[in-house]
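Colleague: In the numbering used here, the protein residues as written are 4 to 115.
Below is the structure I would like to discuss, written out as structure tokens.
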Amino acid sequence: MAKKVTSEIKIAVTVDENNVPEAINWTAKDGGIENEPSKAVMLSVWDHKAQESLRIDLWTKDMPVDEMKVFYHQTLVSMARTFQRATNDEKMSATMLDFCDYFAEKLEIIKK
Numbered sequence: 004m005a006k007k008v009t010s011e012i013k014i015a016v017t018v019d020e021n022n023v024p025e026a027i028n029w030t031a032k033d034g035g036i037e038n039e040p041s042k043a044v045m046l047s048v049w050d051h052k053a054q055e056s057l058r059i060d061l062w063t064k065d066m067p068v069d070e071m072k073v074f075y076h077q078t079l080v081s082m083a084r085t086f087q088r089a090t091n092d093e094k095m096s097a098t099m100l101d102f103c104d105y106f107a108e109k110l111e112i113i114k115k
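Following this line, the structure appears as structure tokens:
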């Protein structure tokens, strides 16, 4: 039987008196990441029993709006590509990527 290994990813959030994130740091020692700062994080987990996704979306109060737009675009593209790998549904993946192109064009976040 193969040896099982557990990998851990930690996200530390520092909040102000109103529980608004001021700092986000993450660690993934297996990936060589130790207490790296981030301005935003999106985390989704699948609750099999309830058949629903659970989400945590956080961003620091100093996250620039233009960076948030790029972050969302890159996340949407990543989700479309992951959807293709997970489902092998080429048609829907292409449709999702088309939307990502439209999203980027309308927000003017991709240079032509």
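C-beta atoms are modelled at their ideal positions from N, C-alpha and C, and glycine is treated no differently.
Since the structure is predicted, the reported quantities are computational estimates derived from the model, not experimental observations.
#1: Identify, in the order they occur along the chain, each residue of the same chain with its Cβ nearer than 7 Å to the Cβ of V23, setting aside the five sequence neighbours on each side.
#2: Would you grab the beta carbon distance between I27 and V44 for me? Rounded to a whole angstrom, and I think it's under 8 Å.
#3: Tell me whether M95 sits in a helix, a strand or coil according to DSSP, three-state version.
#4: Can you tell me which of the three DSSP states K115 falls into?
#5: So is T53 buried or exposed if we call it buried at 16+ other beta carbons inside 10 Å?
Modeller: The answer reads as follows:
#1: Here residue 23 is taken as the residue at index 20 of the sequence shown, counted from 1. These residues qualify, in order along the chain: K64.
#2: Taking the sequence shown and counting its residues from 1, the one referred to as residue 27 is at position 24. Taking the sequence shown and counting its residues from 1, the one referred to as residue 44 is at position 41. Contact between I27 and V44 holds, since their C-beta atoms are separated by about 6 Å, short of 8 Å.
#3: Walking along the sequence shown from the start, residue 95 turns up at place 92. M95 falls in the helix class under three-state DSSP.
#4: Locating residue 115 in the sequence shown gives position 112, counting from the first residue. Confidence at K115 is low in this model, with a pLDDT of 47, below 50, so its placement is unreliable and the value that follows should be read with caution. Of the three classes helix, strand and coil, the one that applies to K115 here is coil, per DSSP.
#5: What you label residue 53 is simply residue 50 of the sequence shown in a count that begins at 1. A quick correction: the sequence has Ala, not Thr, at residue 53. So A53 counts as exposed.
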